[in-house]
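Just add 3 to the spot in the first sequence (first one is 1) and you have our numbering. Heads up, the beta-carbon is just placed ideally off N, CA and C, and yes, glycines get one too. Remember, predicted model here, so these are calculated numbers, not experimental data. Worksheet: the structure to be examined is printed underneath.
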Amino acid sequence: MEGKTIGKAFEPHAAEAKWYQYWLDRNYFHASDTSDKPPFSIVIPPPNVTGMLHMGHALNNTLQDVMIRYRRMQGYNAMWMPGTDHAGIATQNVVEQELAREGKNRHDLGREKFIERVWEWKHKYGGVITNQLKRIGCSCDWPRERFTMDEGLSRAVREAFVRLYNDGLIYQGDYIVNWCPRCHTAISDLEVEYTEEQGHLWHIRYPYADGSGDIVVATTRPETMLGDTAVAVNPQDSRYTDKIGKDVILPLVNKNIPVIADDYVTMDFGSGAVKITPACDPADFAIAQRHPIGLVMIMDGSAVMNENCGAYQGQDRYECRKNVIADLEKGGYLLQTEPYGHNVGKCYRCKTDIEPYVSKQWFVKVKPLAKTAMAAVIKGKTKIIPPMWEATYFDWLENIRDWCISRQIWWGHRIPVWYCDGCSGMIVSTDDPSSCPTCKGTTLRQEEDVLDTWFSSALWPFSTLGWPDQTPALRTFYPTSLLVTGFDILFFWVARMMMMGLYVMKDVPFKDVYLHALVRDEHGDKMSKSKGNSIDPLEMVDKYGADAFRFTLAAFTAQGRDVRMSEDRIQGYKFFVNKLWNAARFSLMNLEDAPAGEVPLDRASLSLSDRWILARLNRTVAEVTRSLDEYKFNEAAAAVYQFVWHELCDWYLEMGKPVLYGKDAPAQRKMAQRTLARVLRESLQLLHPFMPFVTEEIWQVLEGEGGSIMVSRFPEPAASLEDPEAEEQMGLIMDVIGSVRNIRGEMNIPPSRKLRVIVSAADEAKRAVAERGRNLVLHLANLESLETADAMEEPKGAATGVIGAVRVFVLLEGTVDWAGEKARLEKEAARVKKDLAQAQRKLSSSDFRERAAAAVVLKEEQKLQDLTEKLAALERALMKVRALA
RNA sequence: GGGCGGUUAACUCAGUGGGAGAGUGCUACCUUCACACGGUAGAAGUCACUGGUUCAAAUCCAGUACCGCCUACCA
Numbered sequence: 004m005e006g007k008t009i010g011k012a013f014e015p016h017a018a019e020a021k022w023y024q025y026w027l028d029r030n031y032f033h034a035s036d037t038s039d040k041p042p043f044s045i046v047i048p049p050p051n052v053t054g055m056l057h058m059g060h061a062l063n064n065t066l067q068d069v070m071i072r073y074r075r076m077q078g079y080n081a082m083w084m085p086g087t088d089h090a091g092i093a094t095q096n097v098v099e100q101e102l103a104r105e106g107k108n109r110h111d112l113g114r115e116k117f118i119e120r121v122w123e124w125k126h127k128y129g130g131v132i133t134n135q136l137k138r139i140g141c142s143c144d145w146p147r148e149r150f151t152m153d154e155g156l157s158r159a160v161r162e163a164f165v166r167l168y169n170d171g172l173i174y175q176g177d178y179i180v181n182w183c184p185r186c187h188t189a190i191s192d193l194e195v196e197y198t199e200e201q202g203h204l205w206h207i208r209y210p211y212a213d214g215s216g217d218i219v220v221a222t223t224r225p226e227t228m229l230g231d232t233a234v235a236v237n238p239q240d241s242r243y244t245d246k247i248g249k250d251v252i253l254p255l256v257n258k259n260i261p262v263i264a265d266d267y268v269t270m271d272f273g274s275g276a277v278k279i280t281p282a283c284d285p286a287d288f289a290i291a292q293r294h295p296i297g298l299v300m301i302m303d304g305s306a307v308m309n310e311n312c313g314a315y316q317g318q319d320r321y322e323c324r325k326n327v328i329a330d331l332e333k334g335g336y337l338l339q340t341e342p343y344g345h346n347v348g349k350c351y352r353c354k355t356d357i358e359p360y361v362s363k364q365w366f367v368k369v370k371p372l373a374k375t376a377m378a379a380v381i382k383g384k385t386k387i388i389p390p391m392w393e394a395t396y397f398d399w400l401e402n403i404r405d406w407c408i409s410r411q412i413w414w415g416h417r418i419p420v421w422y423c424d425g426c427s428g429m430i431v432s433t434d435d436p437s438s439c440p441t442c443k444g445t446t447l448r449q450e451e452d453v454l455d456t457w458f459s460s461a462l463w464p465f466s467t468l469g470w471p472d473q474t475p476a477l478r479t480f481y482p483t484s485l486l487v488t489g490f491d492i493l494f495f496w497v498a499r500m501m502m503m504g505l506y507v508m509k510d511v512p513f514k515d516v517y518l519h520a521l522v523r524d525e526h527g528d529k530m531s532k533s534k535g536n537s538i539d540p541l542e543m544v545d546k547y548g549a550d551a552f553r554f555t556l557a558a559f560t561a562q563g564r565d566v567r568m569s570e571d572r573i574q575g576y577k578f579f580v581n582k583l584w585n586a587a588r589f590s591l592m593n594l595e596d597a598p599a600g601e602v603p604l605d606r607a608s609l610s611l612s613d614r615w616i617l618a619r620l621n622r623t624v625a626e627v628t629r630s631l632d633e634y635k636f637n638e639a640a641a642a643v644y645q646f647v648w649h650e651l652c653d654w655y656l657e658m659g660k661p662v663l664y665g666k667d668a669p670a671q672r673k674m675a676q677r678t679l680a681r682v683l684r685e686s687l688q689l690l691h692p693f694m695p696f697v698t699e700e701i702w703q704v705l706e707g708e709g710g711s712i713m714v715s716r717f718p719e720p721a722a723s724l725e726d727p728e729a730e731e732q733m734g735l736i737m738d739v740i741g742s743v744r745n746i747r748g749e750m751n752i753p754p755s756r757k758l759r760v761i762v763s764a765a766d767e768a769k770r771a772v773a774e775r776g777r778n779l780v781l782h783l784a785n786l787e788s789l790e791t792a793d794a795m796e797e798p799k800g801a802a803t804g805v806i807g808a809v810r811v812f813v814l815l816e817g818t819v820d821w822a823g824e825k826a827r828l829e830k831e832a833a834r835v836k837k838d839l840a841q842a843q844r845k846l847s848s849s850d851f852r853e854r855a856a857a858a859v860v861l862k863e864e865q866k867l868q869d870l871t872e873k874l875a876a877l878e879r880a881l882m883k884v885r886a887l888a
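Spelled out as structure tokens, the structure:
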């Protein structure tokens, strides 16, 4: 081990670049399609190709990397499938904006040229986000990288579409959909974002055609009255029973429309009468399917009023609204305008107000698919973690509505349907047909629409593995082991993957789904560019290093709670990286001449502190393993942090100094070296999934040539390392040290002053422990001498510390602040009295003695005894001090 | 309207039935040869409120208040 050393400070940037390349060069990220090892697989939630790494990505991918590195080290054939999503509307918008800067639009280019242009854009900028993932250390299986528009994945899309169609699960028809007048496309229900807006409720009078008065309706969108085809009332509403079937005259339009009865209408809202505009409202559209009232389209795809609107033709919907209101007022039809708060649907991409719009679209009939998706979770084939999301998942699937999958944009998977000009037949096929199977005609036009981006995303867990081909990768890695994603895409993506996976593969796409929270700023606000509170993850990596950044994310990830990111915390964990680095540096300085080989675990040859740290390490291994198995990232991070800083550094390294420095006990020194090497080694391994770079950097020096920590075997808890005896004995020694330090601190005794201490205990075993820990106490409490004694009187001029029945006397000479000592003892005594009273109260209750578990009662009795002894000791000490003070 | 989550130290948060915890911050002392990105000690909380279950409640149940999120066709 000659000359092994590391520099004074860890340099994250150099280490990150160096080790990432090192892992890539050795192909460590790559999993074999055919391996004897048990498979463990994750497919990445593919970020949009247009994406830039934000905190959400950073969290999501850090957690995946923690899990994949953990399982890889455990000996699994661990495969993390990377890739990106073509993100139809988002990407098209980006390229359209680029064109706009050149003064062009997509129609100037035409479909084919435009798509070429998007591909150019993709080739140029599409790798940005994957490179950013590399910066944070993601160990993806890069040679497998996929893109949703790849040839293979496109084939999967066509295959799935055709199967669904042939099974009657895809249909086409004229329906009312959410239409974005800016993007000129339909979007699904999920893609509409609702915002609460302050609007108005206009009350309008519609006269009965027979002159018998009028009926009052209220609306938030008066311009839609131009398309009214009925007025509806509730059939139970006695105010209107004799009006049902009558006609009213639609103002401004001057046309008769009927009064109809439908259960949909609530009687106690407004007047109980509703205007019905089937072309502009989904609920009204549904009513028009139950009643023969027809439908009048009043807008075009840009939400401009059309030829059915008379004088209003050519007006934008909002302009038209103003004019309609003015005209209604003029005609005496407008009775009242009241302020009214309501939800307005916006396009999730461009925030334009959605216009419900009737058009020809393609839909997936999802109810039967949803049933199987629910059943799989009920049966436990897929586990949702944390389980509270199950309810949300079920609720959505139970009330699911058909999925509109067609989009009137150009960038995406074009729907594999062709129309024959000859016989006007329709061909649905995975391959481009050359002629019509019905009429043999060759003039075929492919459907213009493309599929919703989420259609291809839904196939991601198997399309990336080669489906529809039965590849070895598919056999090995499907169903995948784990999906890690944000709860915000539970419906968009998770539920749809479940439906498609079960439909296509007849098996769930993943066994576990871990849903993490959103990343917010330190005050709990959603991060957004407009608020200016967003933290750029790469800036954090630059500033604090990827390891500190990743550890922070993991440490913050408690189940079911948002992650509040604060730069201070990242800095805090950078300090932890520094601490680890220096602990390793210290260790390496003292391991230069360490003997090779494992620690022989026979307790006779190990010192108490060696046994203790090994036992603590073992507990930490168990804790980290359990926590990661349960996806409790914060607990795993806390356990290893606590161990490394507060047990290894604060105690073991300090205890080890005299042994390691002193050459007078070579046998003991050798054992300490071996123990230290093992503890450091395993600590690094426990930390590696969280902090891959710094652990590799240290490992390479510690372990020498040839091995990477990435492919080393993750520690396992071992019964042979459990050592409650050592833990208990060290506990007493640490308490004695703590007791002296407390007295030193409270009584303002300078740290440089060496003290004389007597440990007094009636229990011989305790005295023996104190003797055994003599050197540790001398060193860590900075003592001149340590004696042990049987139960004894308080020595003159001593400050007293009490640990149960053990008393620690710190012999003080000269001027001593006895008033201070008195205050210190009184404070301690008060605390003990309080606890004692509580214990006494409990034990004096016969209910407690009879009903509480025996172990609990026993523990309480032990506590009572300890506290009684402690109080007695404190009071004796106090008597002495009162006399002096 | 329905649902879910939250309310614990100054701050940010862990903790799901048996002695209130962490990190940061704060106070005092320490330039001790791994680390001042450090060390030692200390101060600091009616665990939102009300009621209930229990021998025992921060933890379970019911309700209240406030804050967040999701969801929904009362125009």
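{"Check": "Taking the straight line between their C-alpha atoms, what separation do you get for residue 128 and residue 464?", "Outcome": "25 Å"}
{"Check": "Cutting at 6 Å between CB atoms, please list the residues of its own chain near residue 764, excluding the five before and the five after it.", "Outcome": "770, 809"}
{"Check": "Using the three-state DSSP reduction, which class does residue 294 fall into: helix, strand or coil?", "Outcome": "coil"}
{"Check": "Could you check if residue 876 is buried or exposed, using at least 16 other CB atoms within 10 Å of its CB as the buried criterion?", "Outcome": "buried"}
{"Check": "Between the alpha carbons of residue 9 and residue 813, how many angstroms are there, rounded?", "Outcome": "41 Å"}
{"Check": "Given that a residue counts as buried once 16 or more other Cβ atoms are within 10 Å of its Cβ, and exposed if not, what is residue 106?", "Outcome": "exposed"}
{"Check": "For residue 68, does the count of other Cβ atoms within 10 angstroms reach 16, so buried, or fall short, so exposed?", "Outcome": "buried"}
{"Check": "At 3 residues or longer, what runs of the beta strand (DSSP E) sit wholly inside the region 249-313?", "Outcome": "250-253, 258-264, 276-279"}
{"Check": "Closer than 6 Å by C-beta to residue 51: which residues in its own chain qualify, once you throw out the five before and the five after it? Chain order, please.", "Outcome": "88, 90, 93"}
{"Check": "Write down the C-beta distance between residue 543 and residue 376 rounded to the nearest angstrom, noting that I regard them as a contact closer than 8 Å.", "Outcome": "Residue 543 to residue 376, Cβ: 37 Å. No contact."}
{"Check": "So residue 418 is in the beta strand (DSSP E); what residue range does that whole segment cover?", "Outcome": "Careful: residue 418 lies outside any beta strand (DSSP E) and carries neither H nor E."}
{"Check": "Let me know the secondary structure DSSP gives residue 5 once reduced to three states.", "Outcome": "Summary for residue 5: the model assigns pLDDT 46, below 50, so the residue's position carries little reliability, and this model does not support an answer."}
{"Check": "Rounded to the nearest angstrom, how far is the Cβ of residue 889 from that of residue 454, given a contact under 8 Å?", "Outcome": "In the structure as shown, the chain begins at 4 and stops at 888. Residue 889 is therefore absent and cannot be evaluated."}
{"Check": "So, at 6 Å on beta carbons, what are the nonlocal neighbours of residue 250 in its own chain, with the 5 sequence-adjacent residues on each side left out?", "Outcome": "212, 259, 261"}
{"Check": "Could you tell me the distance, in whole angstroms, from the CA atom of residue 5 to the CA atom of residue 591?", "Outcome": "In this prediction, residue 5 scores a pLDDT of 46, lower than 50, which makes its location untrustworthy; the coordinate-derived value is nonetheless stated afterwards. Taking the straight line joining both Cα atoms gives about 10 Å."}
{"Check": "Does DSSP classify residue 181 as helix, strand or coil?", "Outcome": "strand"}
{"Check": "Can you round the beta-carbon distance between residue 410 and residue 189 to whole angstroms, since I take them to be within the 8 Å contact cut?", "Outcome": "6 Å"}
{"Check": "Do residue 142 and residue 71 have their C-beta atoms closer together than 8 Å?", "Outcome": "yes"}
{"Check": "Could you pull the start and end residues of the alpha helix (DSSP H) that residue 60 belongs to?", "Outcome": "58-76"}
{"Check": "At which residues does the alpha helix (DSSP H) containing residue 687 begin and terminate?", "Outcome": "669-690"}
{"Check": "Do you know how far the Cα of residue 422 is from the Cα of residue 309?", "Outcome": "28 Å"}
{"Check": "Considering only the beta carbon of each residue, do residue 378 and residue 385 sit closer than 8 Å?", "Outcome": "no"}
{"Check": "What's the C-alpha gap between residue 873 and residue 882?", "Outcome": "14 Å"}
{"Check": "Return the first residue and the last residue of the alpha helix (DSSP H) that residue 503 is part of.", "Outcome": "499-507"}
{"Check": "Does DSSP put residue 436 in a helix, in a strand, or in coil?", "Outcome": "coil"}
{"Check": "Distance, Cα to Cα, residue 137 vs residue 23?", "Outcome": "8 Å"}
{"Check": "Verify whether the separation of the beta carbon atoms of residue 40 and residue 78 is less than 8 Å.", "Outcome": "yes"}
{"Check": "Closest to residue 178 by C-alpha separation, out of 187, 291, 152, would be which residue?", "Outcome": "291"}
{"Check": "In the DSSP assignment, the beta strand (DSSP E) including residue 323 goes from what residue to what residue?", "Outcome": "Segment 320-333 is the alpha helix (DSSP H) holding residue 323; no beta strand (DSSP E) there."}
{"Check": "Look at residue 346 and residue 227 and say whether their C-beta atoms are less than 8 Å apart.", "Outcome": "no"}
{"Check": "Cα separation between residue 671 and residue 610?", "Outcome": "7 Å"}
{"Check": "For residue 241, which beta-bridge partners are listed by DSSP?", "Outcome": "Beta-bridge pairing links residue 241 to no other residue."}
{"Check": "Consult DSSP for residue 363 and reduce its assignment to one of helix, strand or coil.", "Outcome": "strand"}
{"Check": "Taking the straight line between their C-alpha atoms, what separation do you get for residue 832 and residue 60?", "Outcome": "53 Å"}
{"Check": "For residue 745, which three-state DSSP category applies?", "Outcome": "helix"}
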